Structure formats: C-alpha cells, structure tokens
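Let me begin by presenting the structure, written as structure tokens, before commenting on it.
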Amino acid sequence: MGSRLSTAIRYLTRASWKPIGCASLVASAWFLIRHVRQGPRASTDSVPDVSVVRLNAVVALLGRFPALAGVDLDVSAGEVVLVQGPNGAGKSTLLRLCAGLLRLESGRAEILGLDLAESRHAVRRRVGLLGHDTALYDELTVIENLNFWASASRVDRSMVPPALDRLGVPTRLHDVAVSKLSAGQRRRVAIAGVVVRRPELWLLDEPHAGLDQMGRDLVDELVVDAAAAGATVLMASHELDRTVDLANRIVVVAGGMVVADTPKSKEGGNDAC
Amino acid sequence: MLADAILVAAKDLRIEMRSRVTVSQVVPFAGLVLVLFGFALDANRPTLDLATSGLFWVTVLFVAIMAVQRSTAIETTDGARRALLLAGVEPGAVFMGKATAVSVQLLAVELVLTGGIVVLYDASIDEPLLLATTCIVATIAIAAAGTLMGALVAGVRARETVLPILMLPVLAPVLLGATRAFDDALGSVAVNGWSWLAMLAGFTIINIALGVLAYGVLLEET
Amino acid sequence: MTTSMADRSTATSPRGTGSRTTQLLGIAGIIGLVALILLSFFVAPSDDDQHDAVRMIFIHVPMAMLTYVAFSLTAIGSVAWLWKRSIWWDTVAHGAAEVGVMFCGLTLFTGSIWGRPTWNTYWDWGDVRLVTTLILFLVMVGYLAVRSLDGDTDSIATRAAVIGIIGAVNMPVVNRSVTWWSSRRTLHQKSSLTDGNLEGLTLFTMMFGLLVFSIIMAWMLIHRFRISWLERQVGEGDLSEALVARRAEAKVGFDAHGRTSK
C-alpha cells in the first residue's frame with residue numbers, strides 16, 4: 724500500500740502544477756487571441772441596411788447603473804437626429820453606445836448594418852464621436868496631434884489642413900502646442916479631428932459647447948454638409964433654437980429610454996443632394 | 066501593426082522630448098538615488114563594490130515606475146484611450162509602441178547611470194558587450210511589464226500607490242537576473258552572466274506576449 | 021447553485037453563510053486538525069537528520085501544495101471571467117486568492133521556522149524556491165490590492181483577472197528557469213515527496229495533513245464565496261430593480277421635458 728501510495732503522490736506532486744499551469748496558460752492565450760482578433764475578423768461585408776442605427780430594447784450599464792434602460796431607436800441614412808433630454812438622461816451614453824464603446828447588457832443593436840455585440844471594433848472605425856474630452860496631447864502641436872490621429876485611423880494626412888481650415892483654425896496656430904490654445908480653439912481642433920475621419924455616422928455630444936458664435940455656425944454648416952453628403956448625424960444638444968432647425972427629427976431621452984420621437988415636417992432631408 | 070507601434074512610440078517620445086521630464090527630473094532623480102546609496106554604503110568600500118549592480122537595477126526600477134506613470138498619464142489625461150479605441154489601432158500595437166518609448170527613456174537613463182557607477186562607485190566594466198545586452202534585454206522586460214501594469218491601473222483612484230505594488234513583484238525576477246548578469250559584466254562576483262541573460266530573455270518574451278495579449282482587454286476598461 | 025444563491029439572498033436575507041455541507045466540513049476540519057496534531061507529535065517518528073523539526077512538514081508541505089491549488093483556481097476563475105464574464109467564477113477567483121495568500125503566507129512562515137534549526141537561518145536568499153514563493157506571494161498581494169480599489173466592480177474584476185493570469189503564467193516559468201540556469205547553491209529540499217525518502221507513518225501523516233487542510237480550505241472557500249456573493253448582491257442590488265427605478269425617471273423626465281419643449 725505504501726509504495727503504491729507514494730508512487731501516486733510522487734506523480735501528484737511532480738505534476739501538480741504542470742497541467743494546471745499549462746492549461747491556464749493555453750486557455751488564457753486562446754481567450755486573449757480570440758478577443759484580440761474579434762475586431763479585424765468582423766464581417767464588414769454584410770448587406771448594407773437602410774437603417775444606420777437600429778436599437779432594440781438596448782440596456783447598457785455604467786458600472787452597475789443602467790444608464791440605458793431599454794432604448795428603441797431606428798435612424799435611417801441621411802437623417803439628422805437631435806437627441807434631447809435632461810441631464811443624466813443617458814444622451815452621452817447613447818452616443819457612446821452607438822460608437823461601439825459600451826458593452827450591451829441586453830437587447831439588440833445594429834450600427835451601420837453591423838451587429839454591435841459582435842463587431843464593435845469594425846463599428847468604431849466608421850463612426851466619428853465628438854465627446855466631452857478632446858483627446859489631444861497637450862505637448863504636441865495642433866498639426867502633430869491631428870496627423871497622429873489621422874495616421875492611427877488610417878486616413879491620409881493631407882486631409883488635416885483642409886479640415887482645420889474648415890473649422891476656422893488659422894494657419895498660424897498649426898504649429899502651436901495644444902496646451903497653449905484656448906478652450907474654444909481646442910474644441911475646434913477636436914472637431915476637425917472628427918471631420919478628418921469622414922465618418923459615416925456622426926455622433927456629436929454637445930458640439931456647440933464652448934464655441935463662439937462663429938464656431939457654432941461652422942458646426943451647423945458641418946452638420947448640414949455631412950447630411951447632404953449622405954452621412955447620418957446624431958447630435959445631443961441643449962442649444963434648442965439652433966439645432967431644432969438643423970434636425971429633421973427630435974428624439975427625447977429620459978431615464979435611459981426614448982420617451983418621445985418627433986419627425987419634423989420637412990420630409991426627406993436626405994434627398995437634398 | 067508595426068507601423069502603428071512606431072507611430073505610437075514616436076508620439077510618446079516626441080511628447081517626452083517636449084516636456085523634458087526625463088532630462089530635467091528623472092535623470093537627476095536617478096543620480097540622486099545613486100548618490101544616496103553611496104552615502105549609505107560608502108563607509109564600506111567592498112560592500113559597495115558587491116552591491117553596485119543591485120543598486121544600479123533598483124535605481125532603474127524606481128525610474129521605471131516614474132516613466133510608466135508618465136506614459137500612462139499621457140493617454141488618460143484627455144480621453145486619448147477612448148480615441149485610440151475609436152481609431153481602431155490594434156491594442157497590441159499601442160502596447161508595443163508605448164513600451165518602446167519607455168524602453169528608450171530607460172536606456173537613456175541607464176547610460177547616465179552607468180557613467181554614475183563608474184565615477185561614483187569606481188566600477189570597472191569587464192565585459193561591455195554583456196553589460197549592453199543585459200541593459201537592453203532587461204529594459205525591454207521592465208518596460209513591457211510596466212506598460213501593462215500602467216494600463217491595469219489607468220483611470221483608477223490611488224493608482225500612484227498601487228502601481229509599484231503591482232510592478233515590483235512581477236519585475237523581481239528581472240531584477241535578480243539583471244543584477245547577476247551585471248555582477249559578471251562588472252567582474253564583482255564570479256557567476257556566468259550569459260546564462261542569467263538567457264533567463265532574462267525568457268522573461269522579456271513572456272512579458273511582451275502577455276502585454277500584447279492583455280493590453281486590449283485593459284484598454285477597453287475606459 | 022448560482023441561481024438558488026441569488027434567489028435566497030433576494031427573497032429572504034440569510035443569517036449566515038453556513039449550510040449543512042459547511043457544518044460537516046467544519047466539524048471534519050476540527051476533528052482532523054486535532055487528529056493531525058496528535059499524529060504528528062506523538063505517533064510519527066522523528067527524523068534521523070532533522071530530528072523533531074521534521075514534524076513541520078506535516079503542515080508546511082500541505083500548505084504549499086494547497087497554495088498552488090488556490091492560485092490555480094484564481095487563474096482559472098480569472099480566465100473564465102474575461103472569457104465568459106462569469107460573475108460566479110470571478111467570485112471564486114477572488115475568494116481563492118484571499119485564501120491562497122493566507123496559505124502562501126503560512127507556507128513561508130512555517131518554512132522559515134523550520135529553516136532555523138535545519139539550515140540555521142530563517143531565510144536564505146540563495147534558495148530558489150523560497151524566493152519564487154515570496155514573489156508569488158507579493159504578486160497575489162498585488163491582486164488583493166487591486167481588488168480593494170474603489171471603482172466599478174466589473175472593471176476592477178477585469179483588472180484583477182489580468183494579474184491573476186500574470187501570476188499563474190509567471191510562476192512556473194520563474195520556478196523552472198531559475199532552476200535551469202541557476203549556478204548557485206540551493207538549500208531547499210529537492211522535494212521531500214519525490215525523492216522517496218519518506219515512508220510509512222511520516223508519509224501517512226503528511227497525506228493526512230493534506231486531507232485535513234484541503235477540508236479546511238474548502239470550508240474557507242465556500243464561506244468566502246458566499247460572503248462575496250452576498251456582498252455583490254447588497255452592493256449592486258438587483259438589475260431588474262435598478263431598471264425599474266431608472267425607467268421611473270423616464271416618466272418624470274418626460275413630463276418635465278415634454279412641457280418645456282412643446
């Protein structure tokens with residue numbers, strides 16, 4: 724009995740960590756590879772849908788808080804949708820979800836014809852999100868920043884100066900470090916960064932915030948042009964007098980749900996072109 | 066992927082060059098630590114000789130913590146992490162780029178430190194090749210593990226205190242290997258430095274692999 | 021088990037984390053511990069070289085083995101969390117890490133007590149296994165430090181899971197590579213179990229110790245798991261309740277907003 728037991732023990736101790744260690748190593752590597760690969764492998768060849776945003780009972784959590792508590796929303800190509808609602812209603816969360824930055828807790832979401840649960844990474848490349856952060860590196864100059872983001876997004880760098888021009892950032896500021904810009908100028912540079920990407924879906928979170936009168940007009944022009952070019956715009960804003968005219972649809976969000984959805988009378992803003 | 070890594074590395078290095086934190090703060094700090102160790106042990110010259118390589122690498126680890134904190138802060142200050150996700154850069158490439166930038170900074174500091182131990186500690190470099198290779202291999206391991214740990218605590222409160230707690234134990238084997246290899250290169254202890262270097266290389270590869278694989282998971286936690 | 025736990029905690033708040041199983045395990049653990057003490061001090065013979073110090077292995081070796089079991093559980097749980105977002109496994113990983121850190125600490129503690137009479141030192145830096153165990157200990161202390169951070173539970177869980185995996189991946193490698201390349205002496209016993217020197221009662225006592233400590237560890241793990249599980253329930257509340265509350269905001273928000281925008 725003793726020898727058989729000790730053989731068994733010898734086996735146990737000698738191999739005790741090996742299978743466990745190897746198995747967990749292999750398993751973790753496998754998982755991580757799957758995870759990392761998910762993006763590039765995503766199917767982008769699915770049949771294009773008329774709906775650019777199609778959300779069905781979408782619940783998304785911030786931590787454990789259900790910031791989106793069952794959103795239903797269907798946005799067609801070329802629409803300009805104004806997302807309204809009180810503070811904390813879930814407007815920013817809605818835009819971030821559409822950008823593929825949040826995990827779906829439940830419900831179905833298709834953005835640009837891609838299932839968000841499967842193809843978050845592919846969605847991200849095709850949308851342009853203007854959030855509250857400007858995502859600019861303080862030490863780098865305006866042009867260096869946008870060149871970096873252009874290259875990172877696989878966009879040609881020659882798009883950068885025209886985009887800055889478009890936002891009224893004067894050439895003399897191109898080689899100034901971003902930390903030396905005013906808040907409004909910084910914001911303009913950030914918007915130019917979105918323009919450079921030429922997104923199919925524009926997700927603008929308070930695009931007018933911090934801008935002067937001229938800047939606000941420029942943003943309005945951008946939205947009109949983007950829609951005319953066939954892109955879709957989702958815009959959260961408190962600037963009602965300004966944006967109501969721009970939008971051809973107003974969606975009211977409250978408590979993490981769409982509580983009102985009003986198409987404007989001027990039909991077919993997407994036929995303008 | 067390589068192009069993205071280079072892009073990120075160039076960006077980080079350019080930011081470092083502009084802010085001059087490495088030159089104006091990190092290098093003086095490293096020198097200071099070296100001098101303080103000297104004060105603490107100088108009464109006993111043989112002890113200092115024996116301890117030189119250990120002190121060198123402990124100093125490098127201290128410096129690495131600072132460098133990693135800086136490197137992480139670059140991405141967290143203004144929501145750049147989210148923008149990186151939206152740009153669709155391969156997270157592995159971001160990791161490689163950031164680790165490369167940290168490596169370059171650390172190597173610059175190590176160059177100064179090597180001068181420091183020669184002048185202050187009277188170290189003699191017997192095997193320059195072993196010394197240089199050890200520096201490069203160990204530094205990459207430190208930068209890789211550090212960059213991963215930096216991403217791990219990014220955006221969390223109390224990250225400044227948690228980062229060393231996470232980084233130092235994981236890097237303890239690197240400290241061990243690099244110190245032994247340096248012992249050989251400086252001729253202070255008779256060990257086979259090249260075999261320690263082989264162990265170091267193994268660690269470097271594992272740290273890089275872990276970083277490339279896990280960085281994406283952590284980047285998503287913005 | 022998962023669902024029944026959840027049901028019970030939301031329906032009627034439980035008074036404790038005990039159950040028939042844990043009571044049995046607990047009683048078995050206490051009886052086993054007493055028996056182990058009797059066995060190791062009065063029945064098992066003393067060693068020719070190590071004399072009475074050999075009795076430490078009845079605690080030390082089982083603890084060391086169970087440390088690896090616990091940390092392997094943490095690694096598996098971490099992978100399962102990252103892969104399937106399984107809260108159950110995440111809770112297991114957390115509990116196993118805590119118990120594992122305790123066992124690992126006791127391994128180091130008992131080891132150094134044993135080292136004093138046997139090696140004439142509490143701690144030897146040249147000893148590979150000692151140093152690697154210490155590193156493992158520190159890495160997992162880091163895991164617990166991350167767990168204690170403020171922040172979104174899921175986010176913290178993900179961050180911790182990465183360390184759990186790093187710890188598990190690093191350790192065998194440290195252990196192996198240092199052994200392969202180390203030209204330095206090592207004081208540690210090659211492995212008390214595998215060199216075949218242990219026989220009869222000594223071996224039996226050690227295996228008995230392993231059994232006893234396994235039972236105690238299982239008992240601790242179950243309790244720790246249930247505590248974490250309940251903590252999560254209390255801390256986060258029920259998602260469906262949160263959804264109802266959030267949707268109630270929608271009504272208020274709509275009434276207020278509808279009036280202003282019209």
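These protein sequence lines are chains A, B and C, in that order.
Each step along the first sequence adds one to the number in the numbering used here, with nothing skipped, and position 146 is 869.
Each step along the second sequence adds one to the number in the numbering used here, with nothing skipped, and position 35 is 100.
Each step along the third sequence adds one to the number in the numbering used here, with nothing skipped, and position 163 is 183.
Beta carbons are placed, not taken as given, at the ideal position from N, Cα and C, and that holds for glycine.
Fair warning: this is a prediction, and the values are worked out from it, not measured in the lab.
**Request:** May I ask you to report which of helix, strand or coil DSSP gives residue 829 of chain A?
**Result:** As a working note, residue 829 of chain A is residue 106 in the first sequence. If DSSP states are grouped into helix, strand and coil, residue 829 of chain A belongs with the strands.
**residue 807 of chain A burial status per 10 Å Cβ neighbour count (16 or more: buried)** = Translated into positions along the first sequence, residue 807 of chain A becomes position 84. Buried.
**Message:** Taking only three categories from DSSP, how would you classify residue 779 of chain A?
**Reply:** Indexing the first sequence from 1 puts residue 779 of chain A at position 56. Strand.
**Item:** chain A contact residues for residue 133 of chain B, given Cβ-Cβ distances below 8 Å
**Value:** Indexing the second sequence from 1 puts residue 133 of chain B at position 68. Simply none; closest approach about 17 Å.
**Item:** the stretch 822-856 of chain A: positions lying closer than 8 Å to chain C by Cβ
**Value:** 828
**Item:** Pick from B:240, B:214 and B:110 that is closest to residue 199 of chain B, judged by C-alpha positions
**Value:** Position 134 of the second sequence, counted from the first residue, corresponds to residue 199 of chain B. Nearest option by C-alpha distance: B:240.
**Cross-strand partners of residue 799 of chain A (DSSP beta bridge)** = Counted from its first residue, the first sequence places residue 799 of chain A at position 76. Its beta-bridge partners are A:774.
**Request:** Can you grab the Cα-Cα spacing for the pair residue 953 of chain A / residue 799 of chain A, in whole Å?
**Result:** Residue mapping note: residue 953 of chain A aligns to position 230 of the first sequence, counting from 1. Residue mapping note: residue 799 of chain A aligns to position 76 of the first sequence, counting from 1. If you take the alpha carbons of residue 953 of chain A and residue 799 of chain A, they lie about 10 Å apart.
**Message:** For residue 84 of chain B, would you say it is in contact with chain A, using Cβ-to-Cβ distances shorter than 7 Å as the test?
**Reply:** Taking the first residue of the second sequence as position 1, residue 84 of chain B is located at position 19. Closer than 7 Å: yes.
**Request:** Since I believe residue 804 of chain A is in contact with residue 957 of chain A (beta carbons under 8 Å), could you give me their beta-carbon distance rounded to a whole number of angstroms?
**Result:** Taking the first sequence and counting its residues from 1, one reaches residue 957 of chain A at position 234. Taking the first sequence and counting its residues from 1, one reaches residue 804 of chain A at position 81. The pair is a contact, with the Cβ atoms about 5 Å apart (cut-off 8 Å).
**Message:** If we define contact as Cβ-Cβ less than 7 Å, is residue 804 of chain A a contact residue for chain C?
**Reply:** Looking up residue 804 of chain A in the first sequence gives position 81. Taking Cβ atoms only, chain C never reaches closer than 7 Å to residue 804 of chain A, which makes this a no.
**Message:** Check this for me: beta carbons of residue 978 of chain A and residue 270 of chain C, under 7 Å apart or not?
**Reply:** The sequence position of residue 978 of chain A within the first sequence is 255, counting from 1. The sequence position of residue 270 of chain C within the third sequence is 250, counting from 1. Cβ distance < 7 Å, so residue 978 of chain A and residue 270 of chain C count as in contact.
**Item:** chain A residues whose Cβ lies nearer than 9 Å to that of residue 80 of chain B
**Value:** As a position in the second sequence, residue 80 of chain B is number 15, starting the count at 1. Near residue 80 of chain B (Cβ distances below 9 Å), the residues of chain A are 860, 861, 862 and 863.
**Item:** Alpha carbon of residue 824 of chain A to alpha carbon of residue 847 of chain A, nearest angstrom
**Value:** Sequence index remark: in the first sequence, residue 824 of chain A carries index 101 (1-based). Sequence index remark: in the first sequence, residue 847 of chain A carries index 124 (1-based). So the alpha carbons of these two residues sit roughly 8 Å apart.
**Prompt:** Just the Cα atoms here: how many angstroms apart are residue 133 of chain B and residue 280 of chain B?
**Reply:** Within the second sequence, numbered from 1, the residue matching residue 133 of chain B stands at position 68. Within the second sequence, numbered from 1, the residue matching residue 280 of chain B stands at position 215. When rounded, the distance between both Cα atoms is 14 Å.
**Item:** Through-space distance from residue 211 of chain B to residue 86 of chain B, alpha-carbon basis
**Value:** Within the second sequence, numbered from 1, the residue matching residue 86 of chain B stands at position 21. Within the second sequence, numbered from 1, the residue matching residue 211 of chain B stands at position 146. Taking the straight line from one Cα to the other gives about 18 Å.
**Prompt:** Three or more C-beta pairs closer than 8 Å, one from the stretch 179-187 of chain B and one from the stretch 93-110 of chain B: is that the case here?
**Reply:** yes
**Item:** Under the three-state DSSP convention, the category residue 882 of chain A falls into
**Value:** Position 159 of the first sequence holds residue 882 of chain A. The answer is helix: DSSP assigns residue 882 of chain A an H, G or I state.
**Item:** Residue from C:150, C:266, C:118 and C:157 whose Cα sits closest to the Cα of residue 168 of chain C
**Value:** Counting from one through the third sequence, the residue named residue 168 of chain C turns up at place 148. Nearest option by C-alpha distance: C:118.
**Prompt:** Between residue 117 of chain B and the rest of its own chain, which residues show a CB-CB distance below 7 Å, the 5 nearest in sequence each way excluded?
**Reply:** Here the question's residue 117 of chain B lines up with position 52 in the second sequence. These residues qualify, in order along the chain: 182, 186, 188, 251 and 253.
**Nonlocal neighbours in the same chain, by C-beta distance under 7 Å from residue 179 of chain C, ignoring five residues either side** = Counting from 1 along the third sequence, the entry for residue 179 of chain C is found at position 159. Around residue 179 of chain C: 166.
**Message:** Could you check whether residue 195 of chain B and residue 121 of chain B sit closer than 7 Å to each other, using their CB atoms as the reference points?
**Reply:** Position 56 of the second sequence, counting from 1, holds the residue named residue 121 of chain B. Position 130 of the second sequence, counting from 1, holds the residue named residue 195 of chain B. No, the Cβ-Cβ distance between residue 121 of chain B and residue 195 of chain B is not below 7 Å.
**Item:** Cβ distance (whole Å) where residue 869 of chain A is taken to contact residue 850 of chain A below 8 Å
**Value:** Here the question's residue 869 of chain A lines up with position 146 in the first sequence. Here the question's residue 850 of chain A lines up with position 127 in the first sequence. Their Cβ separation, rounded to whole angstroms, is 18 Å, which puts residue 869 of chain A and residue 850 of chain A out of contact at 8 Å.
**Same chain, Cβ closer than 6 Å to residue 917 of chain A, neighbours up to 5 away in sequence not counted** = Here residue 917 of chain A refers to the residue found at position 194 of the first sequence. Correct list, in chain order: 851 and 853.
**Request:** Starting from the Cα of residue 113 of chain C, find the closest Cα among C:45, C:187 and C:158 and give me that residue.
**Result:** The count along the third sequence starts at 1 and reaches residue 113 of chain C at position 93. Comparing Cα positions, the closest option is C:187.
**Request:** Under 8 Å by Cβ, that's how I've got residue 184 of chain C and residue 98 of chain C pegged, so tell me the actual separation to the nearest angstrom.
**Result:** Taking the third sequence and counting its residues from 1, the one referred to as residue 184 of chain C is at position 164. Taking the third sequence and counting its residues from 1, the one referred to as residue 98 of chain C is at position 78. Indeed, because the Cβ distance is near 3 Å, the residues count as touching under 8 Å.
**Asked** Among residues of its own chain, excluding the 5 on either side of residue 986 of chain A, which ones have a beta-carbon nearer than 6 Å to its beta-carbon?
**Response** For the purposes of this step, residue 986 of chain A is taken as the residue at position 263 of the first sequence. Excluding positions up to five away in sequence, the list reads 972.
**Request:** To the nearest angstrom, report how far apart residue 871 of chain A and residue 182 of chain C are at their CA atoms.
**Result:** By one-based count along the first sequence, residue 871 of chain A stands at place 148. By one-based count along the third sequence, residue 182 of chain C stands at place 162. Their Cα atoms are separated by approximately 29 Å.
**Asked** With distances taken from CA atoms, which of C:245, C:122, C:72 and C:246 is nearest residue 222 of chain C?
**Response** The sequence position of residue 222 of chain C within the third sequence is 202, counting from 1. Ranking C:245, C:122, C:72 and C:246 by Cα distance to residue 222 of chain C puts C:72 first.
**Prompt:** For residue 225 of chain B and chain C, any beta-carbon pair shorter than 7 Å?
**Reply:** As a working note, residue 225 of chain B is residue 160 in the second sequence. Output row for residue 225 of chain B: interface = no.
**Request:** Would you decide whether residue 43 of chain C is buried or exposed? Buried here means 16 or more other CB atoms lie within 10 Å of its CB.
**Result:** Position 23 of the third sequence, counted from the start, is the residue given in the question as residue 43 of chain C. That one is exposed.
**Prompt:** Along the chain, where does the alpha helix (DSSP H) that runs through residue 222 of chain B open and close?
**Reply:** For this step, residue 222 of chain B is matched to residue 157 along the second sequence. Taken as a continuous stretch (DSSP letters only), residue 222 of chain B belongs to no alpha helix (DSSP H), as it is neither H nor E.
**Message:** So for residue 278 of chain B, helix, strand or coil by DSSP?
**Reply:** Translated into the one-based positions of the second sequence, residue 278 of chain B becomes position 213. Residue 278 of chain B: helix per DSSP, three-state reduction.
**Message:** Quick check on the burial criterion: 16 or more other C-beta atoms within 10 angstroms. Buried or exposed for residue 894 of chain A?
**Reply:** Working through the first sequence from its first residue, we reach residue 894 of chain A at position 171. Answer is exposed; the Cβ neighbour count stays below 16.
**Prompt:** Should residue 158 of chain C and residue 93 of chain B be called a contact, given that it needs their Cβ atoms to be closer than 7 Å?
**Reply:** Residue numbering aside, residue 158 of chain C sits at position 138 when the third sequence is read from its first letter. Residue numbering aside, residue 93 of chain B sits at position 28 when the second sequence is read from its first letter. Their beta carbons are not under 7 Å apart, which means residue 158 of chain C does not touch residue 93 of chain B by this criterion.
**Request:** Using the DSSP secondary-structure output, state which residues sit across from residue 928 of chain A in a beta bridge.
**Result:** Working through the first sequence from its first residue, we reach residue 928 of chain A at position 205. Looking at the DSSP assignment, residue 928 of chain A forms a beta bridge with A:959.
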